[in-house]
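Numbering (this note's numbering) for the sequence shown: 25 to 211.
Ideal Cβ positions, reconstructed from N, Cα and C, are used throughout, including at glycine.
Worksheet for the structure shown next.
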Amino acid sequence: MKINANSIKSGFVLEHNGKLYVVSKTPDHTMPGKGGAFVQVEMKDLKTGTKLNERFRSNENVTKAFLDQKDYQFLYLDDFVNLMDKETFEQVQLPKEIMGDKIRYLKEDMTLKVSFHDTTPITVELPLTMVFTIAETEPVVKGQTASGSYKPAVLDNGMRVTIPQFINVGDRVVVNTETDSYLEREK
């Protein structure tokens, strides 16, 4: 599907020079004093992982890859990420590399969106927010204000985040999976 270069966003999968690339950063839209406007796009080759910086004219059309998306249930992790199709109950194994550092978010029975190009899995999408329990943190120091001061903490999945002073061990917190940051205490 052809799209205008101005509408490229982070996470899009583009077909460029016969290869598939995923846009890894938010594109920079530049309008120099001389010449036409352009879009600077940082992309990563899905097969080799090589980065490519490409400049497209703002009026240029690029090809967005057609992807099929399907919901899968996470079962377990071994040498592969093992998933089950929620409709047909068919099991699928994906290479761990497809998840990257987001693999630490995997929890049993969670739902993931897997994008396929033809029959090849391309990307795995996590829920935007997830709930975790605080496993370790420093005790509250009296006299510090509750707003504006943060302390380090370790979640039950081993990930480190910074949290407000009023949160303690055992509290459940909501974490943004895109930014790896604390959002709020679970309600």
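Do residue j and residue i come within 9 Å of each other at the CB atom, strictly closer than that value?
i: L70; j: K33; result: no
i: V178; j: V197; result: no
Using the Cα positions of residue i and residue j, report the straight-line distance between them to the nearest angstrom.
i: Q93; j: K137; result: 6 Å
i: P176; j: S205; result: 11 Å
i: Y96; j: V47; result: 24 Å
i: S82; j: A29; result: 5 Å
i: V116; j: T153; result: 24 Å
i: E208; j: V63; result: 35 Å
i: L101; j: P119; result: 10 Å
i: L99; j: E132; result: 6 Å
Give me the DSSP bridge partner(s) of residue i.
i: A177; result: T161, V185
i: D92; result: F140
i: M67; result: V47, L76
Have a look at the options and flag the residue whose alpha-carbon is nearest the alpha-carbon of residue i.
i: L107; options: M134, V86, D125; result: M134
i: V37; options: I187, I127, V65; result: V65
i: K49; options: T161, E202, R209; result: E202
i: N85; options: R128, S31, F156; result: S31
With a 10 Å radius around its C-beta and 16 neighbouring C-beta atoms as the bar for buried, classify residue i as buried or exposed.
i: M25; result: exposed
i: F90; result: exposed
i: T54; result: exposed
i: V199; result: buried
i: F190; result: exposed
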